[in-house]
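A.B. asks: In this note's numbering, the protein residues as written are 2 to 179.
If you want it as structure tokens, here you go:
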């Protein structure tokens, strides 16, 4: 009888491994699905609202570049000024050589500021497109020496010269001999 019970117990145990195999396959399937989902989510490019990582797909990149170049050219201002201004003495006229090129879209106004004190050494009038200033008197007498300065070119609204629409800064050295 013990043998009979052993056979019955053995026959009852056989379905358990089948249940375990099914459960094992289900768990493996769920893990594979989770891994695939994770790979899919991680493979997407990171985004910040409307901002996406990557380059724009454009059939005509040359056309796009032409449009960008045209927009840049329309707003570009060429600045020209003597960056090594020399004065014989602190009271003489400075060789400024400021020019507002004919290709510029707007009038300009230029201030020359001392870097160490923040004082304005020169303030130009409004310079229309195509005009220049060759020489000018500084607003204060300077002792002999070399002065680091910044020329601030204010690009003005063509319709309202009192409105500054942009600024460009240029390093300038002012040297006073005597």
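Every residue gets a Cβ at the ideal spot worked out from N, C-alpha and C, and that includes glycine.
Per DSSP, what kind of secondary structure is residue 67 in: helix, strand or coil?
C.D. replies: helix
A.B. asks: Measuring alpha carbon to alpha carbon, tell me which residue in 142, 113, 63 and 91 is nearest residue 97.
C.D. replies: 113
A.B. asks: Counting only the same chain and skipping the five closest in sequence on each side, list residues whose C-beta sits under 6 Å from that of residue 176.
C.D. replies: 87 and 147
A.B. asks: Between which two residues does the beta strand (DSSP E) containing residue 163 stretch?
C.D. replies: Looking at the DSSP string, the run of the beta strand (DSSP E) that includes residue 163 is 161-177.
A.B. asks: Quick check: the Cα distance between residue 138 and residue 72, rounded to an integer number of angstroms?
C.D. replies: 37 Å
A.B. asks: Less than 7 Å separating the beta-carbons of residue 155 and residue 100?
C.D. replies: Between residue 155 and residue 100, the C-beta spacing is not below 7 Å.
A.B. asks: Is residue 178 closer than 7 Å to residue 94 when the C-beta atoms are compared?
C.D. replies: no
A.B. asks: Might you give, ordered along the chain, the residues of its own chain that have their beta carbon closer than 6 Å to the beta carbon of residue 164, omitting 5 neighbours on each side?
C.D. replies: 158
A.B. asks: Compute the Euclidean distance between the alpha carbons of residue 43 and residue 104, then round it to the nearest angstrom.
C.D. replies: 51 Å
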